[in-house]
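Trainee:
Number of protein chains: 2
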Amino acid sequence: METKLTEISSSKLFGGYNKRYRHFSPSLGCYMTFSVYFPPSPPPTSHKFPVLYWLSGLTCTDENFMSKSGAQRVASSEGVALIAPDTSPRGLNVEGEADNWDFGVGAGFYLNATQEKWKNWRMYDYVVKELPQVLSENCPQLDPTRASIFGHSMGGHGALTIYLKNPDKYKSASAFSPVSNPINCPWGQKAFTNYLGGNKTDWEEYDACCLIEKYPDISATILIDQGEADKFLHEQLMPNKFEEACRKVNAPLLLRYQPGYDHSYYFIATFIDDHIRHHAQALNL
Amino acid sequence: METKLTEISSSKLFGGYNKRYRHFSPSLGCYMTFSVYFPPSPPPTSHKFPVLYWLSGLTCTDENFMSKSGAQRVASSEGVALIAPDTSPRGLNVEGEADNWDFGVGAGFYLNATQEKWKNWRMYDYVVKELPQVLSENCPQLDPTRASIFGHSMGGHGALTIYLKNPDKYKSASAFSPVSNPINCPWGQKAFTNYLGGNKTDWEEYDACCLIEKYPDISATILIDQGEADKFLHEQLMPNKFEEACRKVNAPLLLRYQPGYDHSYYFIATFIDDHIRHHAQALNL
Numbered sequence: 001m002e003t004k005l006t007e008i009s010s011s012k013l014f015g016g017y018n019k020r021y022r023h024f025s026p027s028l029g030c031y032m033t034f035s036v037y038f039p040p041s042p043p044p045t046s047h048k049f050p051v052l053y054w055l056s057g058l059t060c061t062d063e064n065f066m067s068k069s070g071a072q073r074v075a076s077s078e079g080v081a082l083i084a085p086d087t088s089p090r091g092l093n094v095e096g097e098a099d100n101w102d103f104g105v106g107a108g109f110y111l112n113a114t115q116e117k118w119k120n121w122r123m124y125d126y127v128v129k130e131l132p133q134v135l136s137e138n139c140p141q142l143d144p145t146r147a148s149i150f151g152h153s154m155g156g157h158g159a160l161t162i163y164l165k166n167p168d169k170y171k172s173a174s175a176f177s178p179v180s181n182p183i184n185c186p187w188g189q190k191a192f193t194n195y196l197g198g199n200k201t202d203w204e205e206y207d208a209c210c211l212i213e214k215y216p217d218i219s220a221t222i223l224i225d226q227g228e229a230d231k232f233l234h235e236q237l238m239p240n241k242f243e244e245a246c247r248k249v250n251a252p253l254l255l256r257y258q259p260g261y262d263h264s265y266y267f268i269a270t271f272i273d274d275h276i277r278h279h280a281q282a283l284n285l
Numbered sequence: 001m002e003t004k005l006t007e008i009s010s011s012k013l014f015g016g017y018n019k020r021y022r023h024f025s026p027s028l029g030c031y032m033t034f035s036v037y038f039p040p041s042p043p044p045t046s047h048k049f050p051v052l053y054w055l056s057g058l059t060c061t062d063e064n065f066m067s068k069s070g071a072q073r074v075a076s077s078e079g080v081a082l083i084a085p086d087t088s089p090r091g092l093n094v095e096g097e098a099d100n101w102d103f104g105v106g107a108g109f110y111l112n113a114t115q116e117k118w119k120n121w122r123m124y125d126y127v128v129k130e131l132p133q134v135l136s137e138n139c140p141q142l143d144p145t146r147a148s149i150f151g152h153s154m155g156g157h158g159a160l161t162i163y164l165k166n167p168d169k170y171k172s173a174s175a176f177s178p179v180s181n182p183i184n185c186p187w188g189q190k191a192f193t194n195y196l197g198g199n200k201t202d203w204e205e206y207d208a209c210c211l212i213e214k215y216p217d218i219s220a221t222i223l224i225d226q227g228e229a230d231k232f233l234h235e236q237l238m239p240n241k242f243e244e245a246c247r248k249v250n251a252p253l254l255l256r257y258q259p260g261y262d263h264s265y266y267f268i269a270t271f272i273d274d275h276i277r278h279h280a281q282a283l284n285l
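Taken in order, these protein sequences are the chains called A and B.
Per full-length UniProt numbering, the first sequence starts with residue 1, numbered consecutively.
Per full-length UniProt numbering, the second sequence starts with residue 1, numbered consecutively.
Quick look at the structure:
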């Protein structure tokens, strides 16, 4: 059965349109909202737009990236559509789901939970399987078979792990200040214990450092930008661990430390153009 | 006595810094917060940065423009500082001050109220007199004697009226979807009745259409962008009235209607570069 999308807003920018859609998600068992930026219409002879998924960080919705990153400017000129999903299921009223800003609502960690209490937390399936299907069925201007993925912080973790596990589905990945080694940081340990249980071997399926050793044959250099003034750098993010892991298996990584930049969308806005062009190249635009 | 500024946040972007400051405002009788974007430091031989004031619309604080417009990218390359004040006094607990989104808190209309109840609503003095003084005293990298002004909606009204009344203080003005003829629209009539009383002659001091007839000798072409899909266009904004008034006195105006664009920051983000370059030119950058 086709997913019915309800358009809840539409604004023109940089010649294209930013639209928000609401739909019932069978993967998550609740209504979800996501945003799409459609570049200006391609000439009649050209193909559909490839899609670039953005995965947001803790506490975000589908809106933060679209309203704060300025990504649409270069997405418009490069002709790539941007897709921003929400960061967790919402409105399920699971006991305690909103008690923590770093766990539960707004903190899906882009995995499929295995623990009964959090069984609806299946953002991995939602992003990798359901959303591309929804776009295929509802947005004829998009070509979800040509896709890349990027994200910030928890969403950087999501982009890296999803890319490494699905080399057939994404042409490239990049990240801003990703949670690079979640099995060894407080955010990741808290989330994985609750969502995946106490068996740490299960956690490795969602850790970029473990995955790159398993799947080193990636199709494009991974680009990571990391602010040096980011207060989460050493305790939570640890991109140096991912760099080590990539070096060990000769996987191509460009990790750029940016002096003075913090963890905010101001940092993202400063370097977003480089990331979009990185993906546009991988998508053969 | 010098105003003491407290820095409440600082983020690097596009090589410069976005900072928020809090201070006690004698003009308004309350604490106020404003934002500044400092471009990357000029070379030692060069001068201080000129300042470009942004006045926001109804319901906004000092943050909306800084986080959503993307203005810092070109402000950085052009070497102009951006100053974003709040839109009204806050925290005074005047009865009913927050009952309406289009009046009271978040809706100062950049005037000096004359009615006793709203005596603290003196955003005109705050923007024109107090803020430049505060910047002079506290920010040695800025040169507030070289200034221009722009804004959105209610803030577009503010920018136009302040510019026309102070040809010695601002080199240029521009606006996105300004409230162009407030004495003849519901937002303006509601605000002016409450802040200025029932004598409509007093209102004309804060109406761009009346002011341009009084002060037609402006130093630079006024640039206005207006979205054609803006739901407030015909009832509240009426830039056509300002166009007529300018034509009558031969004042230079460039009014651009932008097909498909609405009233949001997505519209602003799309055309912000043109506005900053317009001001940079008037500021001799």
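Ideal placement from N, C-alpha and C gives every residue a C-beta, glycine not left out.
#1: Determine, using beta carbons only, whether glycine 57 of chain A comes closer than 8 Å to chain B.
#2: To the nearest angstrom, report how far apart glycine 104 of chain B and isoleucine 8 of chain B are at their CA atoms.
#3: If contact means a Cβ-Cβ distance below 9 Å, which residues of the segment 199 to 229 of chain B contact chain A?
#4: According to DSSP, simplified to helix, strand and coil, what is cysteine 60 of chain B?
#5: Taking 8 Å as the threshold (beta carbon to beta carbon), is glycine 260 of chain B in contact with chain A?
#6: DSSP beta-bridge partners for tyrosine 53 of chain B?
#7: From the beta carbon of lysine 231 of chain A, is the nearest beta carbon of chain B less than 8 Å away?
#8: Taking 8 Å as the CB-CB cut-off, is leucine 82 of chain A touching chain B?
#9: Phenylalanine 49 of chain B to serine 11 of chain A, Cα distance in whole Å?
#10: If you draw a straight line from the C-alpha of alanine 269 of chain B to the C-alpha of glycine 198 of chain A, how long is it?
#11: May I ask you to verify whether the segment 224 to 244 of chain A touches the segment 184 to 191 of chain A, counting CB pairs closer than 8 Å and requiring at least 3?
#12: Give a yes or no on whether the C-beta atoms belonging to cysteine 209 of chain A and serine 180 of chain A are separated by under 8 Å.
#13: Decide if the segment 220 to 230 of chain A is in contact with the segment 191 to 206 of chain A; the criterion is three or more beta carbon pairs, one per stretch, under 8 Å apart.
#14: Assess, as a yes-or-no matter, whether the segment 21 to 40 of chain B is touched by the segment 106 to 114 of chain A under the definition of 3 or more beta carbon pairs within less than 8 Å.
#15: Please check if any C-beta of chain A sits within less than 8 Å of the C-beta of serine 177 of chain B.
#16: Glycine 70 of chain B touches chain A at which residues, Cβ-Cβ below 8 Å?
#17: Hey, does serine 11 of chain B have any beta-carbon neighbour from chain A nearer than 8 Å?
#18: Would you report the Cα separation of phenylalanine 14 of chain A and tyrosine 170 of chain B, rounded to the nearest angstrom?
#19: Hey, how far is the Cα of methionine 66 of chain B from the Cα of serine 264 of chain A?
#20: For valine 249 of chain B, which of helix, strand or coil comes out of DSSP?
#21: Does any C-beta atom of chain A lie closer than 8 Å to the C-beta of tyrosine 265 of chain B?
#22: Tyrosine 124 of chain B: which of B:Val134, B:Pro140, B:Ala159 sits nearest, CA to CA?
#23: Do we get a CB-CB distance below 8 Å when we pair serine 35 of chain A with the residues of chain B?
#24: Compare the C-alpha of leucine 5 of chain A against each of A:Glu130, A:Lys190, A:His234 and name the closest.
#25: For chain A, is any of its Cβ atoms less than 8 Å away from the one on serine 67 of chain B?
#26: So that I know if they touch, is there some Cβ in chain B lying closer than 8 Å to that of asparagine 93 of chain A?
#27: Check the C-beta distance from serine 56 of chain B over to alanine 84 of chain B and give it rounded, since I have them as a contact under 8 Å.
#28: According to DSSP, is isoleucine 212 of chain B part of a helix, a strand, or is it coil?
#29: Can you tell me the Cα-Cα spacing of leucine 164 of chain A and asparagine 138 of chain B, whole angstroms?
Mentor: If we stick to the structure as given:
#1: It does not: the Cβ of glycine 57 of chain A has no partner Cβ on chain B nearer than 8 Å.
#2: 25 Å
#3: Gly227, Ala229
#4: coil
#5: So, interface residue.
#6: B:Ile83, B:Ile149
#7: no
#8: No, leucine 82 of chain A does not count as interfacial toward chain B.
#9: 34 Å
#10: 47 Å
#11: yes
#12: A contact, by the Cβ cut-off of 8 Å.
#13: Counting Cβ pairs under 8 Å, fewer than three are found: no touch.
#14: no
#15: No, no contact with chain A.
#16: Gly70, Arg73, Ala269
#17: Among the residues facing chain A, serine 11 of chain B is included, as its CB has a counterpart in that chain under 8 Å away.
#18: 29 Å
#19: 13 Å
#20: helix
#21: Closer than 8 Å: yes.
#22: B:Ala159
#23: no
#24: A:Glu130
#25: yes
#26: no
#27: 7 Å
#28: helix
#29: Straight-line Cα distance between these residues: approximately 50 Å.
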